[in-house]
Amino acid sequence: MVTLVIFFFAVFTKFPYKGTKYFLISCTHTENFSSVFLSIKMEYMQLGKYSFGIGDRFAMQGEAQLKGIMKTLEYGIEIHPVWNKSNREHMTIHSEPLQTRQEADEAVKALGWSKPYFVDADHINMSNVGKFIDHCDFFTIDVADFIGKKATDEEIKQFVKNNEKFLGKFSIPGVEEQFEITRKLLQEIAGKFLFAIKQAGTIYRHIEKKKGAGNFVTEVSMDEVAEAQSPIEMFFILSMVAAEGIPAQTIAPKFTGRFNKGVDYVGDVSLFRKEFEQDLLVIDIAITEFDLPKNLKLSVHSGSDKFSIYPIMGELIKKYDKGIHVKTAGTTWLEEAIGLAMAGGEALQMIKDIYKAGLNRYDELAGPYATVIDIDTSKLPTPSEVESWDGETLANTLRHIPDHPQYNLHFRQLMHVSYKLAAEKGETYINLLREHRDLVGRQVTENIFDRHIKRLFAF
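If you use my numbering, the sequence shown closes out at 462, no skipped numbers anywhere.
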């Protein structure tokens, strides 16, 4: 008599803030009971196909930001909002991650948003992750500072052994270039990236121990470095990520060109297209080869507005039916400044004063952002010029409409890094935001939807 016995056991637990996870364990006995097959499946908290990182320095524009995200539903596009803020930003304005969590939760409740949303501990490392753990469910693990530091000889040897099957001729489906994988090449890639990814693994496991597996989204970030990663480097970086047991759902590589704060991409857009497309294709094969999460996708970082490359990104993710995570961090503060300028009176004067103070404290403010700004100080308006402006002139000079005759990208970049000065105004600044909430909010919503989302998805 043949007996087939199948046992199913499922456990459901609520994620913090949203979603569910489950374990499905099935044991199947074969007809002679000589073997038992055990499968365990775990569903992780999942980031949607499309997601936007929305930075908000002062945690005052959550609803306005979410309104911009919600407008995409009218076009059949669902974008998951991710409120992100880095430790540097918290330190600069003396805020805490709890405030970002409260902002997100309150905006979601006020607008009745029922879809997933996240709070990102942006660009964290082991020295500062602790303060974020209780309040975040998305962690951007930044390994840029560790790239180029060498792993141990034994670790490099093990990496080469783990990837021996790729030695020889190697191709990535869709990429014309053929690659020759040698032991020397594997050693070189390991020498450059292995230590960094092992650091990411250490941070990931620390977070996992505190929050539990599957209760957060993980991104690995290496965009703030000098050189773009090649397709082969990306492939083996993802091999390292998998070997560390990091269930990365997004990865932020470096692309050729400059992503300066608050302004458009500067570089060869045709080269960007090539790199972006190759990275999409690398992710495809890496998911299969290394059993990475099926929803792993590219993340494009920095406070750059990326206007000239949004159409390329949109075209290619549509071509390959891929997701994308885009960060627009920092530009919300500029929209606040625009709204306050338009309000006139005391609010306009405050923005003028912030700019003038920014000129006087240029080195202090620009220094931490030296690699991601490109300001020609000779093209900055003088304090007396700015003092003579009305609100419309200041707003037009600051607002990122590239073909507007009054737009000044140097002025915009300096204002971008001057948010510290607004923070120094304390409650005076916050009260002005409250007083002019509707006017400021319209600028924030318009910026996210009209100048970012519409360019990416070609609405």
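In this text, a Cβ means the ideal position worked out from N, Cα and C, and glycines have one as well.
Of the choices the options, whose alpha-carbon is the least far from that of residue i?
| i | options | result |
| --- | --- | --- |
| T431 | I240, W116, M353, S174 | M353 |
| A147 | K257, A193, I288 | K257 |
| F173 | E318, G215, E236 | E236 |
| L362 | V389, V375, G347 | V389 |
| N450 | E99, E106, I57 | I57 |
| E92 | F135, G51, G317, D271 | F135 |
| G115 | L69, D156, P100, Q105 | L69 |
| L241 | M94, D125, L299 | L299 |
| K164 | G217, R276, A246 | A246 |
| T143 | D156, F121, Q161, E158 | F121 |
| S307 | K321, G429, G394, N263 | N263 |
| K309 | Q102, D287, V269, G342 | V269 |
| D156 | E191, P408, G204 | E191 |
| P84 | I96, V111, I184, S233 | V111 |
| K297 | G133, Y323, E438, P250 | P250 |
| V447 | Y365, T331, K214 | T331 |
| S117 | E81, V220, R440 | E81 |
| T221 | K423, S233, I200 | I200 |
| S387 | Y365, L101, K359, D406 | K359 |
| I423 | H455, I357, V443 | Reading off the sequence, residue 423 comes out as Lys, not Ile. Nearest option by C-alpha distance: I357. |
| I288 | F238, W336, T205 | F238 |
| V266 | R60, L50, R454, G71 | R454 |
| Q102 | D59, I127, M129 | D59 |
| A193 | E167, A203, E158 | E158 |
| E109 | G177, D271, W86, Q202 | W86 |
| V223 | A373, R186, V244 | V244 |
| E438 | G348, Y372, G394, E395 | G348 |
By Cβ distance, which residues of its chain are closer than 8 Å to residue i, with the 5 residues on each side in sequence left out?
| i | result |
| --- | --- |
| H413 | I378, D379, T380, K382, L383 |
| R208 | G248 |
| F275 | F258, T259, G260, Y268, I312, I315 |
| H97 | A426 |
| Y78 | F460, F462 |
Where do the ends of the alpha helix (DSSP H) carrying residue i lie?
| i | result |
| --- | --- |
| Q446 | 440 to 449 |
| F467 | Outside the modelled stretch of the chain, which goes from 4 to 462, sits residue 467, for which no answer is possible. |
| A62 | Counting along the chain, A62 falls outside any alpha helix (DSSP H), and DSSP gives it neither H nor E. |
| R415 | 412 to 419 |
| A373 | First-last for A373: undefined, no H or E at that position. |
| E247 | Element bounds for E247: n/a, residue is neither H nor E. |
| P384 | No alpha helix (DSSP H) contains P384, which DSSP labels as neither H nor E. |
| K423 | 422 to 427 |
| L397 | 394 to 401 |
Report all residues from its chain with a CB closer than 7 Å to the CB of residue i; omit the five preceding and five following residues, and keep chain order.
| i | result |
| --- | --- |
| G2 | Coverage of the chain is limited to positions 4 through 462, which leaves residue 2 absent and any answer about it impossible. |
| F198 | F149, K152, K153, A154 |
| I404 | Y410 |
Under the three-state reduction of DSSP, which class applies to residue i: helix, strand or coil?
| i | result |
| --- | --- |
| N87 | strand |
| K52 | coil |
| Q252 | coil |
| V163 | helix |
| R454 | helix |
| E227 | coil |
| E81 | coil |
| V266 | coil |
| E157 | helix |
| E183 | strand |
| R261 | strand |
| R437 | helix |
| Y47 | coil |
| N35 | Low local confidence applies: a pLDDT of 42 at N35 is under 50, so the model's placement there is unreliable, with the coordinate-based value given in what follows. Three-state DSSP puts N35 in coil, outside helix and strand. |
| A461 | coil |
| F40 | Unreliable placement is indicated for F40, whose pLDDT of 37 sits below 50; no coordinate value is reported for it. |
| K168 | helix |
| F18 | A caution first: F18 carries a pLDDT of 38, below 50, which makes its placement in the model unreliable, though a value can still be read off. In the structure shown, F18 sits in coil (DSSP, three-state: anything other than H, G, I, E or B). |
| S391 | helix |
| S233 | coil |
| V178 | coil |
| D406 | coil |
| D148 | helix |
| I240 | helix |
| D271 | coil |
How far does the beta strand (DSSP E) with residue i in it extend, from its first residue to its last?
| i | result |
| --- | --- |
| T143 | 141 to 145 |
| Q68 | Where Q68 is concerned, there is no enclosing beta strand (DSSP E), although the alpha helix (DSSP H) it sits in stretches over 65 to 73. |
| V220 | 220 to 224 |
| F173 | 171 to 174 |
Kindly list the residues whose CB is nearer than 6 Å to the CB of residue i, restricted to its own chain and excluding five residues on each side of it in sequence; keep chain order.
| i | result |
| --- | --- |
| E106 | A62, G65 |
| K74 | F452 |
| E227 | A147 |
| I341 | A398, L401, R402, Q446 |
Indicate whether at least one CB of chain C lies closer than 9 Å to the CB of residue i.
| i | result |
| --- | --- |
| L343 | Absent from the structure is chain C; it holds one protein chain and no more. |
Legend entry - Unbroken stretches of the alpha helix (DSSP H), 4 residues or longer, contained in the stretch 335 to 363: 348 to 363
Legend entry - alpha helix (DSSP H) runs wholly inside the stretch 275 to 336, at least 4 long, in chain order: 313 to 322
Legend entry - Ranges of the beta strand (DSSP E) found wholly within the stretch 90 to 144, counting only runs of at least 3: 121 to 127
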